[in-house]
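Going down the list, the protein sequences come from chains A and B. Heads up, the first sequence is in the working numbering, so the first residue is 7 and it goes up one at a time. Heads up, the second sequence is in the working numbering, so the first residue is 7 and it goes up one at a time.
There are 2 protein chains.
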Amino acid sequence: MIQFSINKTVFLHALNITKRAISSKNAIPVLSTVKIDVTGEGITLTGSNGQISIEHFISVQDENAGLLVSSTGAILLEATFFINVVSSLPDIILDVQEIEQKQVVLTSGKSEITLKGKEADLYPRLQEVSTVKPLILETKLLKQTINETAFAASTQESRPILTGVHFVLTDNKKLKTVATDSHRMSQRKLTLDKAGDNFNVVIPSRSLREFTAVFTDDIETVEVYFSNNQMLFRSEHISFYTRLLEGTYPDTDRLIPTDFKTSVIFDAANLRYAMERARLLSNATQNGTVKLEITNGLVSAHVHSPEVGKVNEELDTLDVTGQDLVISFNPTYLIEALKAVSSEQVKISFISPVRPFTLVPNTENEEFIQLITPVRTN
Amino acid sequence: MIQFSINKTVFLHALNITKRAISSKNAIPVLSTVKIDVTGEGITLTGSNGQISIEHFISVQDENAGLLVSSTGAILLEATFFINVVSSLPDIILDVQEIEQKQVVLTSGKSEITLKGKEADLYPRLQEVSTVKPLILETKLLKQTINETAFAASTQESRPILTGVHFVLTDNKKLKTVATDSHRMSQRKLTLDKAGDNFNVVIPSRSLREFTAVFTDDIETVEVYFSNNQMLFRSEHISFYTRLLEGTYPDTDRLIPTDFKTSVIFDAANLRYAMERARLLSNATQNGTVKLEITNGLVSAHVHSPEVGKVNEELDTLDVTGQDLVISFNPTYLIEALKAVSSEQVKISFISPVRPFTLVPNTENEEFIQLITPVRTN
């Protein structure tokens, strides 16, 4: 029967990371628990929602953890409730002892709290990803790539494959990451420092968003492993499993146009604020669009809502080249595209009012391109 | 037709204060608008939900406001939408001009936004409180009194009078403030520096909570005026009207006991954390209570939930006097009572397991007393 003592702050930190995979309203009730595995080496906390699983390991070697294991074992405890109780304890040290009938006694200072647990065998066997030949990625780079693309994935289940982000490694070093919801697309390419086995997977964008929250910036690199329908991101303490989406991702390369007729360079922040103003009124129009007019080197934005009012605004530009153009689109797509760009200037290139336009950072050698589809307004 | 220019930050600040009285889902649609009254002296913004009304005045004399009135008038604009539009404008200066058909053109930088407004005459006549013979109160003192009492008012409409806070001025200087929801009570007495006419009113606790948000700490004093069924709090820029509750407030003086048998002095923070732990488990019990045991000078807290587990905790005390006692109560009431106290120590005094107990700051001359009713558990 379990018995250990541990630093409350370290334990709570690990519990809170594990909890990111736990939903209190899971259809499988046992998945609302956290699994606590105590061995001579340390404690493994496990949480899962069936799609994502997180394991957090606290080693007896870790000095900050002050972990002292007196007796090993495993148990399940209701996650949210257990975390609330632990965080409420008065002392910095916490003693955990299992007693009869799967009960756990937490002692801290003068406080003694007894909680009812469950048999660890009730927990489902979750994932098996063999950990040989890892691909090693810089956490920061991976998170940046996710932030640049995952927002463009679909949130609708009508085409499940589009709710994922397409990650493809070719030539052992060339990583391409793409997401699209069929109205807009975001693609980042980069070359890895360290080579790895080629792969071609579609990762749920929701899992990637959790990944960016779980792997904080102090974790320098992350090992990546693949199995048939799962993948594993692993750091020293954390193993983050996610299922992969099944099916073939659409060919997005053929969508990217090259035959541009008009190009404009904008200050990214200025353009974003202008689009946010436009959106306030476009939300009250029938098709929710803003109209961009490029005439004789001047660019202006227009929204007309018969109910609420209208916006007319001349946009600041740094450069305008090519033909005049009038094009309408959903300003939210442009706002989100601009949020994903870290460069101060962006270049937007158009072909015609009915063809997607592209947005790229106005810096050299950045392999980051976004596509937005216009809306036909008449 | 209205025409003025103004500093955006000052205008937005005033709009946001006015908006605190405006509900976007009011049963009277015109109350979702903000009324803008422009005169030669300045601009008055008015918002109301029928219970509370807030007027904010910006003077042409106010240098920070940079207000330049070219033409006077009045108009109504959809409050939330108008505020979002103003806050999105690019420049620090904003020009407002009324054009035909109750439309308003906002110009700022290169942005020009036209909004549809409504006829000012549609706005209801709200309140009339004659502003003679004010009672002058320190804002800080009034806000403290509200924070000490208003939380104890009822949130249920079954006895409407208990949703208010009872303010009584006697002897022109003695202010008594009481709130109770019949399970607990909080009463603060104080002596005013400046005398005023005696009054006896019941103010909705919700209005008082808005008051504390609207009157920031930089406003030193507030003028208070009463009419039949309304009252007005007024500062240099802000007039805050609230309706009063009708009916007679129950006599609470007779509830306050004096014949105590047991007294304990606690560190307020320690006791609060212990009660927060107890509450985690008491929430999962049938009657939601914690049991306090006082035996031979030792005080302990106990919760037993057959479903979730139990808490047993010895409480730190600074002094225990009188008889042994076992008493059960809802820990939330004690937690909220402790939050309302600013002193580091509190004195809790008991008569019996079935009589309300009192909580006072453990400092001399503080006329602040709270009452909590125990729960009979068998």
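Yeah, the Cβ is synthetic: ideal placement off N, Cα and C, and Gly gets one too.
Residue span of the alpha helix (DSSP H) that contains residue i, given as start and end
i       : result
Q150(B) : T145 to T155
M281(B) : A274 to S288
E342(A) : P337 to K345
S94(B)  : A85 to S94
Which listed residue (the options) has its alpha carbon closest to that of residue i
i       : options                               : result
L377(B) : T264(B), Q150(B), Q329(B) and T169(B) : T264(B)
L121(A) : L287(B), S164(B) and V92(B)           : L287(B)
T268(A) : P337(A), L331(A) and V171(A)          : L331(A)
I49(B)  : V16(B), T39(B) and I34(B)             : V16(B)
T45(A)  : K149(A), L74(A) and I28(A)            : L74(A)
T151(A) : G79(A), G294(A), V347(A) and F205(A)  : V347(A)
T1(B)   : K149(B), I244(B) and R285(B)          : Here chain B comprises residues numbered 7 to 384, so residue 1(B) is not present and cannot be evaluated.
V138(A) : L238(A), E118(A) and K116(A)          : L238(A)
A27(B)  : N13(B), M7(B), K146(B) and G53(B)     : G53(B)
S160(B) : I375(B), R190(B) and D177(B)          : R190(B)
K195(A) : L251(A), S211(A), V174(A) and N302(A) : V174(A)
K146(A) : R212(A), D177(A) and E226(A)          : E226(A)
I262(A) : A307(A), E370(A), S188(A) and M7(A)   : S188(A)
L18(B)  : M7(B), Q57(B) and T86(B)              : T86(B)
E47(A)  : V352(A), V66(A), K31(A) and H62(A)    : V66(A)
E299(A) : N293(A), S311(A), N318(A) and Q292(A) : N318(A)
S29(A)  : N55(A), L21(A) and I271(A)            : N55(A)
N289(A) : I271(A), D199(A), L277(A) and K316(A) : K316(A)
V270(B) : D325(B), E252(B), S117(B) and L198(B) : D325(B)
Where residue i meets chain E, residues with beta-carbon distance less than 9 angstroms
i       : result
F239(B) : No chain E is part of this structure, whose protein chains are labelled A and B.
For residue i, three-class secondary structure by DSSP
i       : result
S212(B) : In the sequence as presented, Ser is not what sits at residue 212(B); that position holds Arg. Correct three-state label for R212(B): helix.
Y231(A) : strand
R260(B) : helix
L168(B) : helix
L73(A)  : coil
L21(B)  : helix
K14(B)  : helix
F205(B) : strand
A159(B) : coil
T268(A) : strand
A219(A) : helix
D68(B)  : coil
V305(A) : strand
Y36(B)  : Looking at the sequence shown, residue 36(B) is not Tyr but Val. Note: V36(B) maps to helix in three-state DSSP.
A27(A)  : coil
D127(B) : helix
S245(A) : strand
G79(A)  : strand
V44(B)  : strand
Residue i: contacting residues in chain A (beta-carbon distance under 8 angstroms)
i       : result
N235(B) : Residues of chain A passing the Cβ test: none, with the nearest at roughly 37 angstroms.
Endpoints, the beta strand (DSSP E) within which residue i is located
i       : result
P367(B) : F363 to P367
S65(B)  : I58 to S65
K297(B) : V296 to T301
L238(B) : Q236 to R240
S188(B) : Premise fails: S188(B) is in no beta strand (DSSP E) and is neither H nor E.
K122(B) : S117 to K122
G328(B) : D325 to G328
K316(A) : G315 to L321
Q109(B) : Q109 to S114
K200(A) : Counting along the chain, K200(A) falls outside any beta strand (DSSP E), and DSSP gives it neither H nor E.
K224(A) : For the sequence presented, residue 224(A) should be read as Asp rather than Lys. Where D224(A) is concerned, there is no enclosing beta strand (DSSP E), given that its DSSP letter is neither H nor E.
S349(A) : Taken as a continuous stretch (DSSP letters only), S349(A) belongs to no beta strand (DSSP E), as it is neither H nor E.
V135(B) : V135(B) -> no beta strand (DSSP E), and no H or E assigned at all.
Contact list for residue i against chain B, beta-carbon separation under 7 angstroms
i      : result
F17(A) : What F17(A) touches in chain B: nothing, since even the nearest Cβ is about 16 angstroms away.
N90(A) : L286
Neighbouring residues, chain A, relative to residue i (Cβ below 9 angstroms)
i      : result
P96(B) : N276, Y279, A280, R283 and E319
Residue i: contacting residues in chain B (beta-carbon distance under 9 angstroms)
i       : result
L21(A)  : In chain order: nothing, as chain B lies at least about 15 angstroms away.
L141(A) : Going along chain B, no residue has its Cβ under 9 angstroms from L141(A), so there is no contact; the nearest lies around 43 angstroms.
**Request:** Compile a chain-ordered list of the residues in the region 116-134 of chain B whose CB is closer than 7 angstroms to at least one CB of chain A.
**Result:** K116, S117, E118, I119, T120, L121 and K122
**Prompt:** Got a sec: which bits of the region 318-333 of chain B sit with their beta carbon under 9 angstroms from any beta carbon on chain A, in order along the chain?
**Reply:** N318, E319, E320, L321 and D322
**Request:** Determine which residues of the region 74-88 of chain A have a Cβ less than 9 angstroms from any Cβ of chain B, and write them out in chain order.
**Result:** E84 and F87
**Prompt:** For the region 185-208 of chain B, which residues have a CB atom closer than 9 angstroms to at least one CB atom of chain A, in sequence order?
**Reply:** Against chain A - using a Cβ distance shorter than 9 angstroms - the region 185-208 of chain B contributes no residues.
**Item:** Selection of the region 306-317 of chain A by Cβ proximity to chain B, strictly under 8 angstroms
**Value:** Taking 8 angstroms as the Cβ-Cβ cut-off against chain B, the residues of the region 306-317 of chain A that qualify are E313, V314, G315, K316 and V317.
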